[in-house]
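Chemist: Each step along the sequence shown adds one to the number in numbering that gives the first Met the number 0, with nothing skipped, and position 80 is 79.
Ideal Cβ placement from N, Cα and C applies to all residues, glycine included.
Just so it is clear, the structure is predicted and the values come from calculations on it, not from any experiment.
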Amino acid sequence: MNRKVIICLLILSLSLTGCTWTRTDPVLTVVEILGEPVEGRELWILGENSTYLVELGSDALFSLPLAPGIWKLQAAARDAIGNVVALSETGTASGGRQVLSLTLDKTLVPTTEVQAGKVLHSLLFGGVELAWQAVEVTSHQGGGRWEIWRRPREGRIWEKIGETAPTETNYFMAGLDAFRHVYAVRWAPSGKDKLPGPLQISTGAASGVLEIEWDFEHTFPPVERSYLRAQSLAGETPQPAYYDLIAHFKTEEAFALREEILSSLGLRLKEEICSLAAAVVEPEPDSALSLEELSTYHDQNVFLEPNWILQASAQGNLLSNLPWYLDYLRIPAAHTVTWGDQAIRIAVLDSGLDEYRLPASVKVLPGYNFVQKNFNTADDYGHGTNVALTISEVMPVVSLLPVKVLSAQGGGFASDVSQGMLYAAGLHDSLHNPYPCQIINLSLGASSILLQKAVRQITANTDVILLAAAGNTKAGATEPGLFYPAAFSEVIAVGAIEPGPEGPERAYYSHFGPNLDLVAPPSFEDGTSFAVALVSGVAGLMLAEGISPEDIRPTLTATAIDLGLPGWDEEYGHGLVNAEWAVKGITELTLILSDHREGSLERKMPLEADAQSLDLPPGEYKVQAWVNVQGGVEPEKGDYYASADAVVLENGRAKVRLTLPELRE
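1) Could you compute how far the alpha carbon of Ser-510 sits from the alpha carbon of Ala-559?
2) According to DSSP, what are the bridge partners of Ala-173?
3) Can you tell me the Cα-Cα spacing of Glu-283 and Glu-271, whole angstroms?
4) Quick one: residues in its chain with C-beta nearer than 7 Å to the C-beta of Ala-645, no 5 flanking neighbours on either side, listed in chain order?
5) At the level of alpha carbons, what is the spacing between Thr-218 and Pro-520?
6) In chain order, what are the residue ranges of uninterrupted alpha helix (DSSP H) at least 4 long that sit wholly in the region 353 to 404?
7) Using the C-alpha atoms, what's the distance from Asp-609 back to Gly-56?
8) Secondary structure at Arg-149, three-state DSSP: helix, strand or coil?
9) For the region 555 to 569 against the region 358 to 371, do three or more pairs of beta-carbon atoms, one drawn from each stretch, fall closer than 8 Å, so that the two count as touching?
10) How about Ile-546 and Gly-584: do their beta carbons lie closer than 8 Å?
11) Classify Glu-649 as helix, strand or coil using the three-state DSSP reduction.
12) Taking Ala-183 and Ser-206 to be in contact with their CB atoms under 8 Å, please state how far apart those CB atoms are, rounded to whole angstroms.
13) Using 10 angstroms around the beta-carbon of Ala-229, count the other beta-carbons present and answer buried if the total reaches 16, otherwise exposed.
14) Assuming Pro-109 contacts Leu-194 under a Cβ cut-off of 8 Å, what Cβ separation, rounded to an integer in Å, is found between them?
15) Taking the C-alpha atoms as reference points, what is the distance between Phe-490 and Lys-603?
16) In this structure, does DSSP put Asn-291 in helix, strand or coil?
17) Check whether the Cβ atoms of Ile-147 and Leu-175 sit closer than 8 Å, and answer yes or no.
18) Just checking my contact of Val-404 with Gly-411 at CB under 8 Å: how many whole Å lie between their CB atoms?
19) Taking the straight line between their C-alpha atoms, what separation do you get for Leu-65 and Asn-432?
20) According to the neighbour-count rule (16 or more other Cβ atoms, all chains shown, within 10 Å of its Cβ), is Asp-415 buried or exposed?
21) Could you check what DSSP says for Gly-475 in three-state terms: helix, strand or coil?
22) Within its chain, find whatever has a CB closer than 7 Å to the CB of Leu-659; leave out the 5 residues flanking it on each side and keep chain order.
23) Report the partner residues of Ser-100 according to the DSSP bridge assignment.
24) Taking the beta carbon of Tyr-355 as the centre, do at least 16 other beta carbons fall within 10 Å, making it buried, or is it exposed?
25) Once DSSP output is grouped into helix, strand and coil, what is the label at Ile-245?
26) Where does Ser-429 fall in DSSP's three states?
27) Is Val-301 near Ile-245, with beta carbons less than 8 Å apart?
28) Does DSSP classify Asn-440 as helix, strand or coil?
29) Quick check: the Cα distance between Gly-81 and Thr-50, rounded to an integer number of angstroms?
30) Pull up the distance between the alpha-carbon of Thr-295 and that of Asn-306, whole angstroms please.
31) Assuming Leu-60 and Leu-99 form a contact by the criterion Cβ under 8 Å, report the distance between their Cβ atoms to the nearest whole angstrom.
32) Let me know the secondary structure DSSP gives Trp-307 once reduced to three states.
33) Suppose you measure from the CA of Gly-95 to the CA of Glu-38; what does that come to, to the nearest Å?
34) Do you know how far the Cα of Ala-506 is from the Cα of Leu-325?
35) Beta carbon of Lys-105, beta carbon of Ala-85: below 8 Å?
36) Between which residues of its own chain and Leu-613 is the CB-CB distance below 6 Å, once the five residues before and five after are set aside?
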């Protein structure tokens, strides 16, 4: 096999296996070393701001993902005492996928005789201190400097990290990460008369590894609940139904010819949705195909789907009037920060809204009725008003936009819901909305391609935050699967929990599965309708506090109270919404380590993490973990805090586990 084939295979194999300097970057530069000798080889890499050295030994090929820019590469070989006995010409690389060949010219090259002797490192709590002696075979002239290098313990790439003057023979590397590296020193003479000598690797005591694990102990108030389940469970979840169809046109040309195409299929045009290239249609009385037969029709121009009737995601189980759900979500604590702002507009896509039932601090904006095609958004079913009341409990100061898409029976067509979403976001074809909303609450669900098209248009053209109910099954949800639009990845999907003997647990009726983001309790009625309404209110508080729209979702998930299996799971998503942490933007835990002599060090960890390994000098430590909820200078009531004293770390490993309760006093 010839040399070019070998190099190509190397590039392919390294790209596939990730055996690279940086495993996430598959665009590799391959360096080929030719010539003699074949032992003691080094590769020198010089960039604008970085200098590296690779000890190749007898390797002839090396690959690395060079960042874009100008890099100078040169190969060398040393003999047993460190003299350069072969050197290549300097090659230039610009990063990216390429092959660079360097040929060693076997000749003795002048090399400095100044070396660092007795290179030792000492492990200090704050980092690593390097010390050495200057060893000169003959007196050196012309000046120079000491170079400090490091590489990961298991790595091959040395990086130059600093320099010292000739008279300075020590160097300090601060931080806990310093213990993860191997260090070396060499003399670099001034001028070009001589090359630097070999790296002199430090020796000294090995650090140990302290493994810290943690979890949280959240408390929840006791709840007395009065369900009317005997009545509510008598019914079954309504079966999906439809009475007309949605036609999706595959091209702009097809949409322009929609009337002709529909007529040829025996369909009558009822309503156009131009921005989604769709229309609501129904069979003509003399149509050759039935409604059911047409519901799966497709050709090169158009495909049809049922105009599904979406149902409100509520159970109708009346709960006690105690606001336990507000305490579960830490809403009272969030209210110490903000009560909201009427500049924040939340659209309630539901059965309408009875303004007189809402507190005076809630501003109700003029909306639209897509069921009856007018501006009367009065609630003739009750569900929408209850959703609005739930939002207002979380966010008392807010503007609500009623968009009526559900009828007096609690059902609504996918076509109306899709248009209502576009209207709420200010994207409707013909209806002008002077109050486009930052948040759209969808306490309803079914399945529809039209809904997906509306969701994607909104997320592609606005910063609107979409939240939807995961869905309910009255007899109990036993198989994974969310309602749409909650199941769309662009939408924040919210399931429901209920109080259990050991804390919150998934409500029996709440849908679960892939794409579930969060869970929350229902309010005064069972159902994911009211769980998502609570989360919409929390998102509104976050916007009022200045958190940007793009940060709402990651902050909600990062600050959620983990339930069930550690991390994300299908039952609870990322966990139970924690309104206080979300509004305050608390996404970090602080680890504090003290060695009883030299003070303390801190390390910030994301809340989603539950463990950290630290390289430390042998010794005895105090380990503290603190979530600073109240913003003070030391732990206080309302913070989460735990500590462990006298954690002994010898050369080797030690482990400590902390459980952080909420401080009550």
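Modeler: Concretely, from the data shown:
1) In the sequence shown, residue 510 corresponds to position 511, counting from 1. In the sequence shown, residue 559 corresponds to position 560, counting from 1. Per the sequence presented here, residue 510 reads as His, with Ser not at that position. Cα-Cα distance, rounded: 19 Å.
2) Translated into the one-based positions of the sequence shown, residue 173 becomes position 174. The partner list for Ala-173 (beta bridge, DSSP) reads Gly-126.
3) Position 284 of the sequence shown, counting from 1, holds the residue named residue 283. Position 272 of the sequence shown, counting from 1, holds the residue named residue 271. A straight-line Cα-Cα distance of about 17 Å links Glu-283 and Glu-271.
4) Indexing the sequence shown from 1 puts residue 645 at position 646. Hits under 7 Å: Glu-619.
5) Locating residue 218 in the sequence shown gives position 219, counting from the first residue. Locating residue 520 in the sequence shown gives position 521, counting from the first residue. Each residue's alpha carbon lies about 15 Å from the other.
6) 382 to 393
7) As a working note, residue 56 is residue 57 in the sequence shown. As a working note, residue 609 is residue 610 in the sequence shown. So the alpha carbons of these two residues sit roughly 41 Å apart.
8) On the sequence shown, position 150 is the one that residue 149 refers to. Three-state DSSP puts Arg-149 in a strand.
9) With a cut-off of 8 Å, the region 358 to 371 and the region 555 to 569 do not count as touching, because too few Cβ pairs lie within range.
10) Position 547 of the sequence shown, counted from the start, is the residue given in the question as residue 546. Position 585 of the sequence shown, counted from the start, is the residue given in the question as residue 584. Cβ atoms of Ile-546 and Gly-584: closer than 8 Å.
11) To locate residue 649, count along the sequence shown from 1; it is residue 650. Reduced to three states, the DSSP call for Glu-649 is coil.
12) Counted from its first residue, the sequence shown places residue 183 at position 184. Counted from its first residue, the sequence shown places residue 206 at position 207. The pair is not a contact, with the Cβ atoms about 17 Å apart (cut-off 8 Å).
13) Taking the first residue of the sequence shown as position 1, residue 229 is located at position 230. Note on Ala-229: pLDDT 30, under 50, position unreliable in the model; the coordinate value appears next. That one is exposed.
14) Counted from its first residue, the sequence shown places residue 109 at position 110. Counted from its first residue, the sequence shown places residue 194 at position 195. Right, their Cβ atoms sit about 7 Å apart.
15) Sequence index remark: in the sequence shown, residue 490 carries index 491 (1-based). Sequence index remark: in the sequence shown, residue 603 carries index 604 (1-based). The question names Phe, yet the displayed sequence has Val at residue 490. Answer to the nearest angstrom: the Cα atoms are 30 Å apart.
16) Position 292 of the sequence shown holds residue 291. Just to set this straight, residue 291 is Glu in the shown sequence, not Asn. DSSP places Glu-291 in helix when its eight states are reduced to three.
17) In the sequence shown, counting from the first residue as 1, residue 147 sits at position 148. In the sequence shown, counting from the first residue as 1, residue 175 sits at position 176. For Ile-147 and Leu-175, no; Cβs fall outside 8 Å.
18) On the sequence shown, residue 404 is found 405 positions in, with the first residue counted as 1. On the sequence shown, residue 411 is found 412 positions in, with the first residue counted as 1. About 4 Å; that satisfies the 8 Å criterion.
19) Against the sequence shown, residue 65 aligns to sequence position 66. Against the sequence shown, residue 432 aligns to sequence position 433. Going by the C-alpha atoms only, they are around 51 Å apart.
20) In the sequence shown, counting from the first residue as 1, residue 415 sits at position 416. The residue in question, Asp-415, is buried, as its Cβ has 16 or more Cβ neighbours within 10 Å.
21) Sequence index remark: in the sequence shown, residue 475 carries index 476 (1-based). Reduced to three states, the DSSP call for Gly-475 is coil.
22) Along the sequence shown, one-based indexing puts residue 659 at 660. Hits under 7 Å: Trp-213, Phe-215, Glu-216, Ala-624, Val-626, Tyr-639, Tyr-640, Ala-641.
23) As a first step, residue 100 is located in the sequence shown; it is residue number 101 there, counting from the start. Answer by DSSP bridge pairing, in chain order: Glu-31.
24) Locating residue 355 in the sequence shown gives position 356, where the first residue counts as 1. With fewer than 16 other CB atoms across the displayed protein chains lying within 10 angstroms of its CB, Tyr-355 is exposed.
25) In the sequence shown, residue 245 corresponds to position 246, counting from 1. Note: Ile-245 maps to strand in three-state DSSP.
26) The residue labelled residue 429 in the question sits at position 430 within the sequence shown. It is coil, neither helix nor strand.
27) As a first step, residue 301 must be located in the sequence shown, where it is residue number 302. As a first step, residue 245 must be located in the sequence shown, where it is residue number 246. Taking 8 Å as the Cβ cut-off, Val-301 and Ile-245 do not qualify as a contacting pair.
28) For the purposes of this step, residue 440 is taken as residue 441 along the sequence shown, with counting starting at 1. In this structure, Asn-440 counts as strand in the three-state DSSP scheme.
29) Taking the first residue of the sequence shown as position 1, residue 81 is located at position 82. Taking the first residue of the sequence shown as position 1, residue 50 is located at position 51. Distance between the alpha carbons of Gly-81 and Thr-50: 20 Å.
30) Sequence index remark: in the sequence shown, residue 295 carries index 296 (1-based). Sequence index remark: in the sequence shown, residue 306 carries index 307 (1-based). Thr-295 and Asn-306: Cα-Cα distance of roughly 12 Å.
31) By one-based count along the sequence shown, residue 60 stands at place 61. By one-based count along the sequence shown, residue 99 stands at place 100. That pair is no contact at about 11 Å.
32) As a working note, residue 307 is residue 308 in the sequence shown. Strand at Trp-307.
33) Residue numbering aside, residue 95 sits at position 96 when the sequence shown is read from its first letter. Residue numbering aside, residue 38 sits at position 39 when the sequence shown is read from its first letter. Just so you know, the alpha carbons of Gly-95 and Glu-38 end up roughly 28 Å apart.
34) Indexing the sequence shown from 1 puts residue 325 at position 326. Indexing the sequence shown from 1 puts residue 506 at position 507. Straight-line measurement puts the Cα of Ala-506 at about 17 Å from the Cα of Leu-325.
35) On the sequence shown, position 106 is the one that residue 105 refers to. On the sequence shown, position 86 is the one that residue 85 refers to. Taking 8 Å as the Cβ cut-off, Lys-105 and Ala-85 qualify as a contacting pair.
36) Numbered from its first residue, the sequence shown carries residue 613 at position 614. Beyond the five residues adjoining it in sequence on each side, Leu-613 comes within less than 6 Å, by CB distance, of Leu-175, Leu-209 in the same chain, given in chain order.
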